[in-house]
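Student:
Numbering (the working numbering), first residue to last: 23 to 114.
(1) If I measure Cβ to Cβ from residue 94 and keep anything under 8 Å in the same chain, skipping five residues before and after, which residues do I get?
(2) Where does residue 78 fall in DSSP's three states?
(3) Quick one: residues in its chain with C-beta nearer than 7 Å to the C-beta of residue 70, no 5 flanking neighbours on either side, listed in chain order?
(4) Secondary structure at residue 91, three-state DSSP: helix, strand or coil?
(5) Kindly indicate the opening and closing residues of the beta strand (DSSP E) around residue 25.
What follows is the structure, encoded as structure tokens:
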């Protein structure tokens, strides 16, 4: 889990015996600045596939080339995490 989506991770190719990714999945991801469905097989995941590009608690809402500071938008996961923290730690 990361604070922000890591779009560059679509280019990651894990060291595995077989790679069933296809061109339909946009693999390998040639652009590190956008999300793609490209990921990699991982036996440790419930669906045996992982896409680290989408693991951020915030998504990049808008790239800002002038100030080089991206605008972020919280994902639903961060709201759930905040609620959980409030219930278990703040309001005891």
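The beta carbon of each residue, even a glycine, is placed where N, CA and C say it ideally should be.
Tutor: Reading off the structure:
(1) Start at 1 with the first residue of the chain shown, and residue 94 comes out as number 72. Result list for residue 94: 26, 80, 81, 82 and 83, in chain order.
(2) Taking the first residue of the chain shown as 1, we reach residue 78 at position 56. It is a strand residue.
(3) Here residue 70 corresponds to residue number 48 of the chain shown, with the count starting at 1. 63 and 64.
(4) To locate residue 91, count along the chain shown from 1; it is residue 69. Of the three classes helix, strand and coil, the one that applies to residue 91 here is coil, per DSSP.
(5) Mapped onto the chain shown, residue 25 falls at position 3. Looking at the DSSP string, the run of the beta strand (DSSP E) that includes residue 25 is 24-26.
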